[in-house]
Structures are given as structure tokens and as C-alpha cells.
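Here the sequence shown is numbered in our numbering, starting from -4 and rising by one per residue.
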Amino acid sequence: MVVKDRKSQLPTSVNLGSPRAKRLAYLTLTLKSICSLLAGLFISLQIGHYALELGKRFDLVAADTVASWTVDVNTAGVCPQVSALYPQNSDNAETWTEFGELLETQKFKELAIEKLSGLIQIPSESYDNMPPPGEDPRWETMGQVHDYLAVAFPLIHSTFSLTKINTYGLIYELTGSDSSLKPYLLAAHQDVVPVNPETLDSWKYPPYSGFYDAETGIIWGRGASDDKASLAGIMLTLETLLEKGWSPKRTAVLAFGFDEEASGIHGAKSLGKALEETYGQDGIAFIVDEGGGFKDVYGTIFATPGVAEKGHADIKVEVTSPGGHSSIPPTHTTIGYLASIIVAFEKNPFPVELVRNTVPHDTLLCYASHGDAIPHSLKHAIFQSTYRDAALREVEDLFVSKDHWYSSLVGTTQAVDMVFGGVKANALPESAYAIVNHRINTVSSVNETATHDTQTITSLARSFNLTLKAFGEEIISDSAYFPSGSKGHIELSQAFDHELEPAPRTPTFDKGSKPWEFLSGTIKATYNAHRNLRVIEGEESNNIIVSPGMSTGNTDTKYYWNLTRHIFRYNHKNGAYGGDIATGVHTVNENIPLDHYLEMIRFFSTLILNADEAASF
Ligand SMILES: [Zn+2]
């Protein structure tokens, strides 16, 4: 690990993360580039000087910032960083230091393994489209989770209040001493993705063994990473703090859903309503839930807390046409029509367009500003893309289109995931349908997605003489085929009534960015402490860069939007070793290295103690 020693050139009073500031910053930079081309020519220096002076005169850029750019085209101001944030007040600082020392002990490590392993041993699987609790015995494993938590974390259960929502949803609360501070919410989910019995042979250790391999230092089993390390980590952190005599200044709330892996319809949805009834709209200071972690990108460690989420829609495309005996078939059966429609969808993917002031663009700006080994051409294009459209397209070519994960993040995606039709080999199917799953990009909407789908198949419907109804609206009626009549009908609709608009973005600059800065500082303190990289007081600590980020999926927080604007999908997971495949999330051999899990616990302890001290939100 190379420890970088950089000092931010950003005056703390100037926040250049805002769109306006970015534009101005690059306008200035461009002028400077032009000037350097003509370096040596007196006139160009005059122009450059004049441009910068002009900027200063009209208050477009801070004088200090201009001064730093003239020395070094370091663009630290584009993805501004805060200092590491350590608990300050003497009690908290002492508790935090002691906690950190405890984390290093064999005894604590064994305790941490035991708590997580025990939780993994409960097969709390959630399945799609389950009936509510009480109507399906498969939910009962969540009851085992509750019993386990009560025994494993006795102090929490004797100090926090506990409310169960819709039988298995858990809300814990420990009221803080200062009622003027808004409570914060830590979220995790109790359920796991079911283990496909056919894959059992591929698991190194049985999925519900919770086996700890002391040689490799890895804890194995379904849920080890998603999301039981968070659940056990939050609980163990609080239990340990209580043991140390800590009592919160700021109210701490925990919310644990039980069907996150099945869209949260019974768990987080009910929890969200209950939380809003208790704390009110905007009644929570910030939420931390599962999500982004940190990893090496272009030679620099980046943490990318999720500050936005894509939307979601499952569209049902149903074709109906007359049935009959298959010995006298028409040219196309309903299944044939449906097949053509599916082909049309796949031939017309949604455009993948990078848009300014969206999270995917802001993440790239952070890579360009702080990534030590980012290729120069890409860095240049990213910087230029803040004001030049052609450069945006260049970044799409150079990076987005080459990275399948990133292009999925940027654009609205579509995947035909289910198909039904036909009942008998000698009977023409009267109906057939497919479900198209969409993840909607953050600048689009459910409506726009539906319109795109409708347009994709309208001319095809016409060419087949089929009528078309889309989302309740008649697009092609039978009269279009007068007098012969249509050959069948296509209907587009929302499949499961759970469509979701893209999430509101968590503020990360300008007004309202205090919780973001608080989280950033906490991440830095955690990262440094876990590696003994405590920085000298007052210096910027850029061993880890914190960038706005997002994931391609959703979390339980989609039901918590009303509680706060400050939602962070981040649990400080070390992504250093190969992403989802290596950690086995949603597949075989799920695992988490003990050290990664311990660092998550360090993160939660730092977050909780810092939250008691943060008075500005
Ligand atoms: Zn999860």
C-alpha cells in the first residue's frame, strides 16, 4: 500500500463540487490551456492573466484557487475532499481508541466470528412473490433470527426499545440525551438470497455452516457478505459500546427488513411507513444502509457511497390472437408475434448517454481528479466533458462503452427475463407474454421508459396487423385495419405494480452537504485507523478518496425516501478482492474475510461516535 501524502489545494470555504463551480473551473482551465500553447508569447500571458483576473473580478472563482491552478493543473477542487473526522470529545475519543485496540485482540476477533457465524447458520431465505408473514411458513426462519439476536446481544435488548413491524420487521431505538439532534438510522436486512439446491456441490463449505477458515481468515456462507456482516457488525458495535458505558447523545435507530432480496414489499415497505409515523417526514438526520464500499481504481483507493439509485419497471408484453388446431396454422402464432417483439426490443436498446451532474459523471470526475494512474487521454476527456458535449461522447467511447458494468449504470437497461405461452403441442396458443425488466437511468422516468417501449413495437404491430394498447392507451385500434380486421392484439402494461422512479439524489455539494462531509470524514478516519495511517493534525488525509457513487440495484432504502434526503448506501466493505464473484454475493461460495468484517465494525463504531458529536445537521 502506497500512502499518499497530498495536500488539498482547496480552500475550505469554497466548495467547487457544484455544477456551476465545475463549469467555471473548466472554463478557466481551458483559457489556461490556450495560454500554455502560446507559452512564451507575451500576448498570450496577457490574455491568460486577463481571463483569470476577470474571473476574480466577477467573483467567478476564488482568488486562492486561481493561484493554485496557475502553479499546477491539479483539479483537486473538482472532487473536493474533507479531512478525516475522528471523535473529538474526550470521552468519545477515549472510547473510540479503546474500541480500536479491542478490535485487534484475539478475543474480540473470536467474538466477532461467533456472532456472524451464528447468524449465517440461520437459513433466512426470502423468495419472490411470497404471501405476507403468517400465510407462508417459509418466513418463520426470521423468527429464529430474532431469537438469535436477543441471545447474542443482551445489552442492546435491555437498553434499546424494540418494535416488530409486520411480524418480522425490526425497529430498535435508543433515545439520545440531546433531543435537539435528529435521530439517525442504520439499516440492514435479515434475509438472504435462497441457495439453489442444485449448486450445493459447488460450495466449498456448506452454505449455512458459517465456517471460519483460520488459515485463510475467511468466514464462509450465504449472507456472509450480503448482508449479515452489516447486521452482525451494527449489533456487535452497539453491544460493545454499551458494555463500555456509552450512552448516545443523538438518538440511534436501527431498521432491519426481512425481504430485501425479494423487493422489500413486506419488510422495508412496512418499516418505512412505521418509521415515518414515528419520526415524521424528514425526521431522520441520515440513513446508512448496505451498498458501496471502497477499492483501488486507477491506482488510488476510492470509496463510493451510493447517493442515488436507478428506477425500476417490469413491463408485461402480452399478445393475444385466435386459437385453433395447429394442423391449419396461420403464418404467425401468438408465440411467433411475441418472438418478433422480443427481437425488436433487443435490436433497440436504450441509448447509453453520459449526462453531466449525474452520479456516474461525478464519479468519473473524481477518478480523473484523484486517480493516480488514469490514462491521460481519458482524464483530459473527462475534464473537458464538464462543458464540451463532444468530450462527453469521447468519454462514452473511451470508458463507458468498454465497461459493461458502467454502461449498465449510465443507461436504462432492459432484459427479457420471463416468457410464457402455449399449453399443448397441437393447439394454437391464444396468448403469450414476456416480462421485460428495466433499470431506469437517474435522469429518466418510468413514463419515459414506457414510452420508449411503446415506440419500439408500434410499427412492428402495424406490419403484423395487430392492434396495440399501451399502459391503458389505445395506440392502434381495430379501425386501422378496416374492413379486414386485425389479426390479434398486443398489450403493454406494468407487470407487478411495483414500478419505481429513480431515487432523489443525496446532496453531496453546496447546501445540505454536511451529512455527506460527515460520512466522508468518517470513512477516512476508519480507513486510516484500520491501517495505522493516522495523519498529522490539520493535514488533509487523502489515503482514500471519497466520491459520490451508486450501484446498479436498489436497497431497502427505496421505502425510506420520506425520512431524509441524506441516504447513504455504504457499509465500508473492502472491495479489494474481485467484487461480487470473489465474495459470492447472490451466487455460490459467499464469504467475507474477517479483516474486512472487522473494518466494517470499525466504520460503524466511528460513525456512531461521530454522529453524537456532529451538531450541524
Ligand atoms: Zn443485500
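Beta carbons are placed, not taken as given, at the ideal position from N, Cα and C, and that holds for glycine.
Going by CA-CA distance only, name the one from the options that's closest to residue i.
i, options, result
"I229", "Q185, E272, A263 and F345", "Q185"
"T444", "F459, I279 and F466", "F466"
"S121", "L373, R351, D222 and K268", "D222"
"K199", "Y522, N523, R217 and L176", "R217"
"N527", "S542, Y555, P370 and E594", "E594"
"T601", "Q76, V73 and N84", "N84"
"Y401", "E348, M413 and T451", "E348"
"L455", "P346, S479, I485 and P243", "I485"
"K406", "A385, S316 and S440", "Residue identity differs from the one stated: residue 406 is Gly in this sequence, not Lys. It is S440."
"A224", "G205, G240, K239 and S242", "G205"
"P75", "T547, V312, W511 and A606", "W511"
"T517", "I587, P543, L98 and F599", "F599"
"K239", "T92, E256, L360 and G138", "T92"
"P615", "E89, T408, V190 and A577", "Since the first residue of the chain shown is -4 and the last is 612, residue 615 is not available in this structure."
"Y592", "G72, K110, L80 and A79", "K110"
"L144", "G252, L333 and L226", "L226"
"A571", "F94, K290 and V190", "K290"
"A613", "S175, G318 and T162", "Here the chain has residues from -4 to 612 only, and residue 613 is not among them."
"E256", "H567, I596, T552 and K568", "T552"
Would residue i pass as a contact of residue j if the rule is Cβ separation under 7 Å?
i, j, result
"M545", "V418", "no"
"T154", "L169", "yes"
"S508", "P499", "no"
"H365", "I540", "yes"
"V411", "V431", "yes"
"H261", "P127", "yes"
"T550", "R560", "no"
"P82", "L604", "yes"
"P118", "Y207", "no"
"G286", "G301", "yes"
"G360", "L373", "Gly is not the amino acid found at residue 360; the sequence shown has Leu there. Contact: no."
"P543", "I213", "no"
"A263", "Y554", "yes"
"N523", "N538", "yes"
"A490", "K311", "yes"
"A269", "I160", "yes"
"M137", "F253", "yes"
"N586", "W215", "yes"
Please list the terminal residues of the continuous alpha helix (DSSP H) segment that includes residue i.
i, result
"D142", "E135 to A147"
"Q489", "Per DSSP, Q489 belongs to no alpha helix (DSSP H); it is in the beta strand (DSSP E), G483 to Q489."
"V405", "H399 to V405"
"D590", "L589 to E608"
"A334", "T329 to K342"
"I369", "Note, I369: premise wrong, no alpha helix (DSSP H); not H, not E."
"R388", "D384 to L393"
"E272", "A263 to Y274"
"S156", "Per DSSP, S156 belongs to no alpha helix (DSSP H); it is in the beta strand (DSSP E), S156 to I160."
"K519", "K509 to H525"
"F251", "From DSSP, F251 is part of no alpha helix (DSSP H) but of the beta strand (DSSP E) over A247 to G252."
"L98", "S85 to L98"
"L461", "Here L461 belongs to no alpha helix (DSSP H); instead the beta strand (DSSP E) covers L461 to A465."
In this structure, does DSSP put residue i in helix, strand or coil?
i, result
"A363", "helix"
"V314", "strand"
"M(-4)", "Residue placement at M(-4) cannot be trusted, given a pLDDT of 34 that sits under 50; the coordinates are not used to answer."
"S611", "coil"
"W198", "coil"
"Y293", "coil"
"A308", "strand"
"W556", "helix"
"L528", "coil"
"I697", "Absent from the structure is residue 697, since the part of the chain shown begins at -4 and ends at 612."
"G228", "helix"
"Y203", "coil"
"G551", "The question names Gly, but residue 551 is Asp in the sequence shown. In the structure shown, D551 sits in a helix (DSSP, three-state: H, G or I)."
"A58", "Because the pLDDT of A58 is 32, which lies under 50, any placement of that residue in the model is unreliable, and the number read from its coordinates should be weighed accordingly. Three-state DSSP puts A58 in a helix."
Can you tell me whether residue i sits near ligand 2, meaning its C-beta is under 6 Å from at least one heavy atom of the ligand?
i, result
"E105", "Only ligand 1 can be found as ligands here, which leaves ligand 2 out of the picture."
Could you spell out where the beta strand (DSSP E) holding residue i opens and where it closes?
i, result
"Q409", "T408 to G416"
"V441", "Run containing V441: none in the beta strand (DSSP E); it sits in the alpha helix (DSSP H), V441 to S458."
"A429", "S426 to I435"
"L349", "Element bounds for L349: n/a, residue is neither H nor E."
"L568", "This sequence places Lys at residue 568; Leu is not what is there. Here the beta strand (DSSP E) through K568 covers I562 to N569."
"E468", "E468 to I471"
"E168", "G164 to L169"
"A183", "Y179 to H184"
From the beta carbon of residue i, is the nearest beta carbon of chain C less than 7 Å away?
i, result
"K268", "No chain C appears in this structure, which consists of one protein chain only."
Q. Are at least three pairs of beta-carbons, each pair with one atom in the stretch 171 to 186 and one in the stretch 274 to 293, less than 8 Å apart?
A. yes
Q. Is there contact between the stretch 463 to 479 and the stretch 374 to 393, where contact requires at least three CB pairs shorter than 8 Å?
A. no
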